[in-house]
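S.K.: The end of the sequence shown is residue 217 by the working numbering, with every number in the run present.
The structure follows.
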Amino acid sequence: LWLRTSAGLVRFDGVRFVPVFPRVGDKLVEERVKAIAQGADGDLLVRSTSRTLVYRDGVFRDYRTPAPLPDGDIRVLFESKGHEVFVGADDQLYLIENSGPKMLRRGTGWVFSMLENADGSVWIGGSSDVTTYHRGRVETLNLGFGKDGVTALLPDAGERVWVGTAEGLYQMDRRRLAARRAVRAFSGVVNAIIKDRAGSLWVATDAAGVMRLAGGQ
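Written out as structure tokens, the structure reads:
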């Protein structure tokens, strides 16, 4: 289990938490770790202020040519199955190419979460609703969550998507784009959503702890 903390990158092996200080070659990466993610091939991806690193076979290396973002503070790192690397910032969306970061959109608001659909399109949830990226085209998906936007996204079986917002948890069909509230008794902020191997949904909230949704209850 990998964690990005205020003290840097940390690895948990089931017993101990161990700080990890990335090195590329024989040089220490002396930059703050800003975001981590699981890459398309299952490797750990790490984004520092200007470096995009991959951790593979116990070794860190540069995954893209080092270059800082021209604007914005890094919040989310994501890699598509086609090995396109995205960085969501506090009001911008970037594609990290070997030639450097390419700004795809300004005005996204804070980016919280990303998912990839079966057709290769990527959804980016932010405080200005959802931005979509597909084959170089950037568009806006207005799901009707207003100025509070989308704080978490999780694809599920078929066309269903779980959507976390500042107003609660919703489920939606990707084709119909009609969201409906999943837990009517809860209307607070959702920070993250994951699904376990038993099919239960785990929902981290801002002020109500962690909820488990199983069998509709």
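Even glycine gets a Cβ: it sits at the ideal position worked out from N, Cα and C.
Because the structure is a prediction, the values reported are computed rather than measured.
Answer yes or no: do R160 and Y170 have a C-beta to C-beta separation smaller than 8 Å?
M.R.: No, Cβ-Cβ distance for R160 and Y170 is not below 8 Å.
S.K.: Looking at G100: is its Cβ nearer than 8 Å to the Cβ of T65?
M.R.: Yes. Within cutoff.
S.K.: Where does the unbroken beta strand (DSSP E) through I74 begin, and where does it stop?
M.R.: Unbroken run through I74: none, as it is neither H nor E.
S.K.: Among D26, D156 and T131, which has the Cα closest to the Cα of V111?
M.R.: Out of D26, D156 and T131, T131 has the C-alpha closest to the C-alpha of V111.
S.K.: Does the beta-carbon distance from V10 to P22 come in below 8 Å?
M.R.: Cβ distance not < 8 Å, so V10 and P22 don't count as in contact.
S.K.: Expressed to the nearest angstrom, what Euclidean distance is found between the alpha-carbon atoms of N117 and W123?
M.R.: Answer to the nearest angstrom: the Cα atoms are 8 Å apart.
S.K.: Relative to the C-alpha of T165, which residue among S113, P155 and G209 is closest?
M.R.: Looking at the Cα atoms, S113 is the closest of the given residues.
S.K.: Is the separation between the beta-carbon of L104 and that of Y133 shorter than 8 Å?
M.R.: Yes.
S.K.: Tell me whether F78 is buried or exposed, calling it buried when 16 or more other Cβ atoms sit within 10 Å of its Cβ.
M.R.: When all chains shown are included, F78 counts as buried.
S.K.: Measure from the alpha carbon of L93 to the alpha carbon of each residue in G188, K27, A35 and G126, then state which is nearest.
M.R.: For L93, the nearest C-alpha among the options comes from G126.
S.K.: Would you identify the three-state DSSP class for D129, choosing helix, strand or coil?
M.R.: Of the three classes helix, strand and coil, the one that applies to D129 here is strand, per DSSP.
S.K.: Helix, strand or coil for D148, going by three-state DSSP, please let me know.
M.R.: Note: D148 maps to helix in three-state DSSP.
S.K.: Using C-beta distances below 6 Å, list every residue in its chain close to L154, excluding the 5 sequence neighbours before and after it, in chain order.
M.R.: Excluding residues within five positions, the ones whose Cβ falls inside 6 Å are W162 and I193.
S.K.: Below 8 Å between beta carbons: does that hold for G107 and D90?
M.R.: It is not a contact, given that the beta carbons lie outside the stated cut-off.
S.K.: Please go through the same chain and pick out, in chain order, the residues whose beta-carbon is closer than 7 Å to the beta-carbon of R32, but skip the five residues on each side of it.
M.R.: If we look at R32 and ignore the five residues flanking it on each side, its Cβ neighbours are S48 and T49.
S.K.: Using only CA atoms, which one of T5, S121, G144 and G199 lies nearest to R137?
M.R.: Nearest of T5, S121, G144 and G199 to R137, Cα basis: S121.
S.K.: Determine the contact status of G168 and V150, defining contact as a CB-CB distance below 8 Å.
M.R.: No, the Cβ-Cβ distance between G168 and V150 is not below 8 Å.
S.K.: Out of curiosity, what's the CA-to-CA distance linking L177 and K34?
M.R.: Computed Cα separation, rounded: 32 Å.
S.K.: Per DSSP, what are the beta-bridge partners of G158 in this structure?
M.R.: G158 is not bridged to any residue.
S.K.: Do G42 and V229 count as a contact pair if the criterion is CB distance below 8 Å?
M.R.: The shown model of the chain, from 1 to 217, leaves out residue 229, and the question about it has no answer.
S.K.: If distances are taken between C-alpha atoms only, which option among F12, D119 and A67 comes closest to K219?
M.R.: There is no way to answer for residue 219, as the model of the chain reaches only from 1 to 217.
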